[in-house]
Amino acid sequence: MPEKRKSRIKNMDKYEALRDQGYSKEKSARIANSPSKETGKKGGKSPKYEEWTKAELYDKAKEVGLSGISKLNKKELIDKLRNH
1 MPEKRKSRIK
11 NMDKYEALRD
21 QGYSKEKSAR
31 IANSPSKETG
41 KKGGKSPKYE
51 EWTKAELYDK
61 AKEVGLSGIS
71 KLNKKELIDK
81 LRNH
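Following this line, the structure appears as structure tokens:
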């Protein structure tokens, strides 16, 4: 008989609220499991992706493990980073 897996989500209410807002399962879990109450809120100190160079965007995409990025232009890299 299959073993029932425990949820790894620390704040299920927050997770479900984020899913209802259209966030992906992965992003919702990361935010819900974050110890900081500020995680996932807008208004951070990083510059917008539009202000990054294409090389910086490419490096960030590699860092987060995105594939199929070598031939993307700057706009496509931004879209891929925001919607992975």
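Each residue of the sequence shown is one higher than the one before, starting from 1 at the first, in UniProt numbering. Ideal Cβ placement from N, Cα and C applies to all residues, glycine included.
Practice prompt. Could you pull the start and end residues of the alpha helix (DSSP H) that residue 102 belongs to?
Written response: Any question about residue 102 goes unanswered here, given that the chain covers just 1 to 84.
Worksheet item: Of the residues Gly22, Ser46, Lys14, which one's Cα is nearest the Cα of His84?
Response: Within the sequence shown, numbered from 1, the residue matching residue 84 stands at position 84. With distances taken between Cα atoms, His84 lies closest to Gly22.
Practice prompt. Provide the residue span of the alpha helix (DSSP H) that contains Arg82, from first to last.
Written response: Here the question's residue 82 lines up with position 82 in the sequence shown. DSSP places Arg82 inside the alpha helix (DSSP H), whose first and last residues are 74 to 82.
Worksheet entry | Three-way DSSP call (helix, strand, coil) for Arg8 in this model | Here residue 8 corresponds to residue number 8 of the sequence shown, with the count starting at 1. In the structure shown, Arg8 adopts coil according to DSSP, grouped into three states.
Worksheet item: Would Lys74 pass as a contact of Lys54 if the rule is Cβ separation under 7 Å?
Response: On the sequence shown, residue 74 is found 74 positions in, with the first residue counted as 1. On the sequence shown, residue 54 is found 54 positions in, with the first residue counted as 1. Closer than 7 Å, so yes.
Item to complete: Check each candidate in Lys10, Arg19, Lys25, Leu77 and name the one with the smallest Cα separation from Tyr49.
Response: On the sequence shown, residue 49 is found 49 positions in, with the first residue counted as 1. Taking only the C-alpha atoms, the option nearest Tyr49 is Leu77.
Worksheet item: Roughly how many whole angstroms lie between the Cα atoms of Tyr15 and Glu56?
Response: Position 15 of the sequence shown, counted from the first residue, corresponds to residue 15. Position 56 of the sequence shown, counted from the first residue, corresponds to residue 56. Each residue's Cα considered, the two are about 30 Å apart.
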